[in-house]
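Enquirer:
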């Protein structure tokens, strides 16, 4: 039986590369520091880009807020003008309605007087007719 081959004892490094156990720790540490610094630099770049993007989004949202505020203010002013116009128009209509009511009352009163006058004329006509016919 052939002698069994001894397995080399290894461990995986952070980047997945196998490193023999007992390898110089300084090399592993140097690689880890270099990888960490590179990773930190990538994170700083990513965070900086996200920060720039967020600042742009904030500026865009601020502009939209100002635009919406101006629009709301204009709509409120327009609504107030319409409300004022409607109130004036309603007041004018109420005044005209009151004048028409007064005219109707006056005409109704005159109509009543005319009816009485017509009744008097009818009575006079009837009496005159009876007089002419010799009944009176």
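Numbering (our numbering), first residue to last: 13 to 148.
Glycine included, every Cβ here is placed at the ideal spot set by N, Cα and C.
1) Quick check: what's the CA-CA separation for residue 80 versus residue 114?
2) Rounded to whole angstroms, what is the Cα-Cα separation between residue 110 and residue 119?
3) In chain order, what residues of the same chain lie with their CB nearer than 6 Å to the CB of residue 133, ignoring the 5 residues before and after it?
4) Measure the C-alpha to C-alpha separation of residue 106 and residue 93 and round it to an integer number of angstroms.
5) Report the rounded CA-to-CA distance for residue 47 versus residue 84, giving the unit in angstroms.
6) Restricting to runs no shorter than 4 residues, where is the alpha helix (DSSP H) found entirely within the stretch 59-103?
7) Taking the C-alpha atoms as reference points, what is the distance between residue 49 and residue 59?
Expert: With the structure as the only source:
1) Walking along the chain shown from the start, residue 80 turns up at place 68. Walking along the chain shown from the start, residue 114 turns up at place 102. Between residue 80 and residue 114, the C-alpha separation is close to 50 Å.
2) By one-based count along the chain shown, residue 110 stands at place 98. By one-based count along the chain shown, residue 119 stands at place 107. Using only the alpha carbons, I get a separation of about 14 Å.
3) One-based indexing of the chain shown puts residue 133 at position 121. Result list for residue 133: empty, nothing under 6 Å.
4) Sequence index remark: in the chain shown, residue 106 carries index 94 (1-based). Sequence index remark: in the chain shown, residue 93 carries index 81 (1-based). Whole-angstrom Cα-Cα distance: 20 Å.
5) As a first step, residue 47 must be located in the chain shown, where it is residue number 35. As a first step, residue 84 must be located in the chain shown, where it is residue number 72. About 54 Å.
6) none
7) Sequence index remark: in the chain shown, residue 49 carries index 37 (1-based). Sequence index remark: in the chain shown, residue 59 carries index 47 (1-based). Distance between the alpha carbons of residue 49 and residue 59: 15 Å.
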